[in-house]
Each structure stands twice: as C-alpha cells, then as structure tokens.
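Contents: one structure, followed by commentary.
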Amino acid sequence: MKVTYIYHSCFSIELNHIILVFDYFKGKIPDFDKNKNIYVFSSHKHHDHFSLSMFHEFEKYPKVKYILSNDIKLNEKYLANHQIDPSVKENIINVQANKEYVIDELKVETLKSTDLGVAFIVHAEEKTIYHAGDLNWWYWKAESEIYNTNMENKFKNELALIKNRKFDLAFLPTDSRQEEDCWLGFNYFMNITNTCCAFPMHFWEDYSVMDHLEKIAITNGYKNNVFMIEGDGQQWEV
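Counting from 1 along the sequence shown, just add 1088 to a position and that's the residue number in the numbering used here.
Here you go:
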C-alpha cells in the first residue's frame, strides 16, 4: 500500500486495485491511475474535514464515488449554486454512525464521533483501515471536570466496540491544541487494538507533536508502529 499525507487529516491510500482518500479539504492530490476505482470519504462537515472543492479535484477521474457522513447535506440546488454539476449526487453515498455498508468491493463500518459525524473502518483487498475523523478523547483544560469525564466515557465506550481488533492502517488525531494531552486518544487506541501502522493527524501544522508522540510511543512499546509526519506530500510504502 502507498500512503500519502496530503494535509491535516487527509490521507490517500493506494491499494492494488482501488484508491481511498479521507477527509480532503485542501492540499495537493497525487496523480492517481484513472483506471482504478476511487473512494473519497468525508467524516463530517467541519471545514477542516470537508470542502465542496473536492468535487472539482476529483472530477477528472471517471470512476470516483463519495462516501459522506449523513450530516453533510447536499441538494441539487445547493450544488448548482456552487458551480458543481448536480449529477455528482449519483455518486454520493451517505452513511450513518454505527452501521455497516457494502459499497462495491468495500465493506465499510462506522463509529459515532465524539464531536460530529463518524469514524470509518474500511475493509478492502484483505486490509482493514481505520480513519478516526474527529472520534477522539477530547480533553480540554478550559472545560469542566464533568465535561471532560463525559467526553472520556463517550470515547472509551465507542472504542469498546473495536477492542482487540486488528488494523493494518490507522489514522488518529493528535491535536496540538490539547497541549500535553494531545496523545490521550492516540495512546488509548494503540493500547486496546492490534494496529500495525499508525499515523498521527489533525495537528494543525504543529509538527512539534511528533516529538511528544514519539516519547509516548517508546514508553508504551509501539514506537515501531507509528509513522511520524514531516510535511505535506510525504509518502510511505507499507
């Protein structure tokens, strides 16, 4: 598999026969094989996870489908008003949280985000790929103890649904705005799942989180499973 970091929470994964793209809203898309099926996922409508511009970015690919969380509402009039051909709706599949879908050669599971929308679990070509969206252990110092405890419980209850599961790839929030707590959700996920390759995301161009995450990964024994990010467009063969 070829993994490309595009920007923020957006990654592409090129498998043998298909291509997956998650949470595009800006950045340079690699040149993909136009003969492959391309599946573009959007976990929710927040501006840093979804943009109408993606329809322009992928319009040159004849075999593209869009798998969008159902909080993303796009009627034909709205699309036309934004210079997007309304016929694109024929290639949009909306998904709900805590459901399973079969979409062509994909099996897609969803979890409920602790913020908005869904997290995705995608089974394709005998690989299992997890993209968290905004499903994270959001601990904020400015919030009350009640708020933070409630958030922790929601996160852990949702991840209990995938405890001990095996993932070939996982893309996990490591948000620098949480300061020294940015690793909470990442670390919890790694400790309750069997994940081969994990990538931090959602760090708002603050690459200093990589140093902090590396220390946590060493302490918890999964350093060799984490791929640190140095810049947009970085690629890995995994």
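Ideal Cβ placement from N, Cα and C applies to all residues, glycine included.
Contact holds between the segment 1302–1314 and the segment 1273–1282, because three or more Cβ pairs, one in each stretch, are under 8 Å apart. When DSSP states are grouped into helix, strand and coil, Val1196 belongs to the strand group. The Cβ atoms of Ser1100 and Asp1136 lie no closer than 8 Å to each other. Comparing alpha-carbon positions, the option among Leu1272, Thr1216, Lys1242, Met1298 lying closest to Cys1285 turns out to be Thr1216.
Put simply, of Lys1133, Ala1258, Trp1225, Asn1224 the residue whose alpha carbon is nearest the alpha carbon of Gly1205 is Lys1133. According to the DSSP assignment, Val1176 belongs to no beta strand (DSSP E), since it is labelled neither H nor E.
Between the C-alpha atoms of Asn1179 and Ile1234 there is a straight-line separation of about 42 Å. When DSSP reads this structure, Gln1323 sits in a beta bridge with Thr1092. Boundaries of the beta strand (DSSP E) around Thr1283: 1282–1289.
When the Cα atoms are used, Trp1228 and Lys1122 turn out to be separated by approximately 43 Å.
The C-beta separation of Lys1151 from Asn1125 comes to about 5 Å, placing the pair in contact by the 8 Å criterion. The beta-bridge partner set that DSSP reports for Ile1106 consists of Asn1125. In this structure Gln1266 is buried. Its beta-carbon is surrounded by 16 or more other beta-carbon atoms within 10 angstroms. In this structure, Gly1273 sits near Trp1225, with a CB-CB distance shorter than 8 Å. For Tyr1154, the three-state secondary structure derived from DSSP is strand. Taking C-beta atoms as the reference points, Lys1090 and Tyr1127 fail to come closer than 8 Å.
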